[in-house]
Every structure is written in structure tokens, then in C-alpha cells.
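Participant:
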Amino acid sequence: MNSGNTSSNGRTINVVGLAAGALMIILPFLGPWWMASVGTGAFEISLSPFDLSIMVFGQPIHSQLVDLLLLAAKIAMIISGVFLVLGSLSPKSWWSGRLVRFGVMKPLWAVIGIIIVVVLGAFFINNVLPGILSNAIPDGGASIQITVPYLVGSASATIQMGSQASITAPINLSLTPVFWVAVVTAILGIVARINHRRLKKQ
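Going by this note's numbering, the first residue of the sequence shown is number 723, and it counts up by one from there.
Shown next as C-alpha cells:
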């Protein structure tokens with residue numbers, strides 16, 4: 723009998739797997755993991771592996787293809803969570819290993835993926851976008867400087883029009899509490915997989 727892995731009726735269960743699976747089921751509904759804003763309502767973005775919200779001067783921008791891909795990611799995470807719960811309820815069953823392995827690592831890959839997307843986006847904005855925008859303005863009359871933090875923080879974007887006019891807009895990037903819930907879920911998923919193997923051998 724293992725403390726923390728046996729129910730009141732003596733049945734062996736993977737408690738960590740149950741917790742991880744439950745969090746995986748609710749995680750797609752908790753909201754954005756990362757948010758960014760430029761200026762005061764000029765541009766706002768809220769991002770998670772399951773949702774993307776872009777607002778430009780208060781007007782939403784949507785892509786049906788992106789929405790479908792994010793919906794598929796949401797469904798995959800929910801199904802993975804359900805499978806993990808089922809596999810954790812009966813870790814000694816022959817089929818439990820397949821259910822657990824199906825998606826126990828998905829939260830970890832989701833956390834890594836969101837970090838990679840944000841960092842690559844910041845790299846593009848800092849190193850590529852200013853040149854594109856400057857070349858798009860005729861006669862080279864504008865100098866554009868953008869410094870975006872690579873994950874979280876505050877900075878500013880400056881557009882210099884000749885020697886007289888300039889526009890500066892604050893940029894704010896932040897991780898939401900939901901991101902840290904996702905990190906906890908990812909850690910629990912890893913522990914659940916290790917725990918499942920241990921229970922399977924008993």
C-alpha cells in the first residue's frame with residue numbers, strides 16, 4: 723500500500739495523474755497565458771495555445787484558419803486530460819499506459835511552444851520589422867525604433883518623422899497567472915508519468 727496512491731477502498735490510483743488530468747481538462751478554459759499592449763488601446767494581443775485575441779484600436783481581428791487550429795489544440799488537450807484521468811484511476815490495467823502516454827506531455831510542449839512563439843515574435847519585431855516599415859515609407863522620411871522585451875517587461879516604440887515630429891508608444895508584455903497554472907500542470911504531468919511507471923511495476 724502506497725500513501726497518496728491508494729483510495730479509501732484500497733484500490734490503487736495515481737493521485738498525481740488525477741490532478742494533472744483535471745488541470746489539463748480545465749486549462750483551455752482559463753484564459754490567455756501571455757498578453758501584450760502597445761499604446762493606450764492601439765494594439766492588444768492575448769495569447770494561449772488555445773486562443774488568440776488581437777485588437778487594433780478596439781476592433782477585433784480574426785482568422786478562421788487560426789481559430790480552427792486553436793480549437794483542435796483545445797480539443798486535443800481536453801481529450802488528453804480525460805485519458806490521463808482514466809489511466810490514473812486504474813494504473814495497473816494493461817490499457818492504462820497507452821492512455822497516460824497519449825497526452826501526458828502535452829502541457830509541457832504547450833508551455834515550451836508558447837515561449838518559443840513569443841521569443842521568435844519579439845526577435846522579428848526587434849530586428850526585422852523596423853527595416854520593413856522604414857522601407858515602406860517613401861523618401862526614407864521616417865526612422866523607426868522598436869525595442870520589445872523577449873517575454874515580459876516594458877519598453878517603447880518610436881517613429882521619427884523627419885526632424886520635427888515623433889511618436890512614442892509604450893509597450894507592455896506580461897505572463898498571466900494562467901501561464902503558471904500551465905507550468906504546474908506540466909510538472910504534474912511529468913511526475914504522473916514517472917509515478918505511473920512505478921505503480922505499474924508494483
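We treat Cβ as the ideally placed atom computed from N, Cα and C, and that holds for glycine. Predicted model only: the values in this text are computed from it and were never measured.
So, with DSSP's three-state summary, where would you put Met-777?
Facilitator: The answer is strand: DSSP assigns Met-777 an E or B state.
Participant: Taking Gln-781 as the reference, give the member of Val-788, Pro-771, Ile-767, Leu-791 with the closest Cα.
Facilitator: Closest by alpha carbon: Ile-767.
Participant: Helix, strand or coil for Met-827? Go by DSSP, reduced to three states.
Facilitator: Coil at Met-827, not helix or strand.
Participant: Is it true that the CB of Ser-802 sits closer than 9 Å to the CB of Gly-825?
Facilitator: Yes, they are a contact pair.
Participant: Throw me the rounded Cβ distance for the Leu-792 and Leu-774 pair, which I believe falls under 8 Å.
Facilitator: Yes, they are in contact, since the Cβ atoms of Leu-792 and Leu-774 sit about 6 Å apart, within 8 Å.
Participant: Going along the chain, which residues of its own chain have a beta-carbon closer than 8 Å to the beta-carbon of Ile-837, five neighbours each way excluded?
Facilitator: Excluding sequence neighbours, Ile-837 sits near Leu-873.
Participant: Label Ser-725 either buried or exposed according to how many other C-beta atoms from any shown protein chain fall within 10 Å of its C-beta, with 16 as the threshold for buried.
Facilitator: Confidence at Ser-725 is low in this model, with a pLDDT of 39, below 50, so the placement of that residue is unreliable and no value is reported for it.
Participant: Answer with buried or exposed for Val-822, where buried requires no fewer than 16 other C-beta atoms within 10 angstroms of its C-beta.
Facilitator: Flag for Val-822 reads buried.
Participant: Are Met-799 and Ala-764 touching if we call contact CB-CB under 9 Å?
Facilitator: No; because the gap between Cβ atoms is not below 9 Å, this pair is not in contact.
Participant: Tell me which residue opens and which closes the alpha helix (DSSP H) that Ile-767 is part of.
Facilitator: Careful: Ile-767 lies outside any alpha helix (DSSP H), inside the beta strand (DSSP E) at 765 to 769.
Participant: Is it right to say Asn-736 is buried, meaning 16 or more other beta carbons lie within 10 angstroms of its own, or is it exposed?
Facilitator: So Asn-736 ends up on the buried side.
Participant: Over the uninterrupted alpha helix (DSSP H) stretch that includes Trp-756, give me the two end residues.
Facilitator: Premise fails: Trp-756 lies in the beta strand (DSSP E), 756 to 760, not in any alpha helix (DSSP H).
Participant: Rounded to the nearest angstrom, how far is the Cβ of Leu-806 from that of Gly-739, given a contact under 8 Å?
Facilitator: At roughly 6 Å, the Cβ-Cβ gap stays under 8 Å, so Leu-806 and Gly-739 are in contact.
Participant: Going by DSSP, which residues form a beta bridge with Ser-878?
Facilitator: Answer by DSSP bridge pairing, in chain order: Pro-892.
Participant: Assuming contact is defined by CB atoms lying nearer than 9 Å, are Leu-666 and Ile-868 in contact in what I supplied?
Facilitator: In this structure the chain extends from 723 to 924, so residue 666 is not present and cannot be described.
Participant: Along the chain, where does the alpha helix (DSSP H) that runs through Gly-911 open and close?
Facilitator: First-last of the alpha helix (DSSP H) with Gly-911: 899 to 923.
Participant: Going by beta carbon distance, what residues of the same chain come within less than 8 Å of Pro-754, once the five residues before and after it are set aside?
Facilitator: Correct list, in chain order: Ser-768, Leu-769, Ser-770, Asp-773, Ser-775, Thr-898, Val-900.
Participant: For Lys-814, tell me which candidate among Val-760, Arg-733, Val-905 has the shortest Cα-Cα distance.
Facilitator: The candidate whose alpha carbon is nearest that of Lys-814 is Arg-733.
Participant: So, at 7 Å on beta carbons, what are the nonlocal neighbours of Ile-847 in its own chain, with the 5 sequence-adjacent residues on each side left out?
Facilitator: So the qualifying residues of the chain are Ile-868, Val-870.
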